[in-house]
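These notes are about the structure you will find just below.
Numbering (this note's numbering), first residue to last: 68 to 199.
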């Protein structure tokens, strides 16, 4: 290794971490489990982050996830595509990549899922896809 060369590796903070403003800090202290928009089939039912991660394990849930993402109110801070499990740091994109759900991966990326978010073990969606 060259002692004069600076490392260019940079840890990217995601929704579970904060690196700058007080606005970002409000996302870190959100209660668990995170409640999302009501499901399209039953407006009285709310979806938790854990449920969304379970949905992302199978492409058969693609219509429900698409409805959830398209019903997301862009003025709020709870975009389902950017959420991470408060315990594991796992995101919907990581879960979809881990299970080889290509259509769901594309859908989540189109709706703003951060491709470079890291879980508690320093793994991103690309690592999960490569391990699949």
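A virtual CB, placed ideally from N, CA and C, is assigned to each residue, including glycine.
If I'm right that residue 155 touches residue 187 with Cβ under 8 Å, what's the distance once you round it to whole angstroms?
Position 88 of the chain shown holds residue 155. Position 120 of the chain shown holds residue 187. Residue 155 to residue 187, Cβ: 6 Å. Contact.
Please list, in chain order, all residues of the same chain as residue 132 whose beta carbon is under 6 Å from its beta carbon, the five residues on each side excluded.
Numbered from its first residue, the chain shown carries residue 132 at position 65. Taken in chain order, the residues that qualify are 122.
Length of the line joining the Cα atoms of residue 180 and residue 160
As a first step, residue 180 is located in the chain shown; it is residue number 113 there, counting from the start. As a first step, residue 160 is located in the chain shown; it is residue number 93 there, counting from the start. Roughly 7 Å separates the two Cα atoms.
Collapsed DSSP secondary structure at residue 127 in the structure displayed
Locating residue 127 in the chain shown gives position 60, where the first residue counts as 1. Reduced to three states, the DSSP call for residue 127 is helix.
For the putative contact between residue 129 and residue 147, defined by C-beta atoms under 8 Å, what is the C-beta separation to the nearest angstrom?
In the chain shown, counting from the first residue as 1, residue 129 sits at position 62. In the chain shown, counting from the first residue as 1, residue 147 sits at position 80. That pair is no contact at about 14 Å.
Length of the line joining the Cα atoms of residue 196 and residue 190
Working through the chain shown from its first residue, we reach residue 196 at position 129. Working through the chain shown from its first residue, we reach residue 190 at position 123. If I take the Cα positions, the gap works out to 10 Å.
Alpha carbon of residue 182 to alpha carbon of residue 114, nearest angstrom
Taking the chain shown and counting its residues from 1, the one referred to as residue 182 is at position 115. Taking the chain shown and counting its residues from 1, the one referred to as residue 114 is at position 47. If I take the Cα positions, the gap works out to 22 Å.
Would residue 151 be called buried (16 or more neighbouring beta carbons within 10 Å of its own) or exposed?
Along the chain shown, read from residue 1 onward, the residue named residue 151 stands at position 84. Buried, because 16 or more other Cβ atoms sit within 10 Å of the Cβ of residue 151.
Nearest-angstrom Cα separation, counted from residue 168 out to residue 202
Nothing about residue 202 can be read from this structure; the chain reaches only from 68 to 199.
Leaving out the 5 sequence neighbours to the left and right, which residues in its chain are closer than 6 Å to residue 185 when beta-carbon positions are compared?
Here residue 185 is taken as the residue at index 118 of the chain shown, counted from 1. The answer, listed in chain order, is 191.
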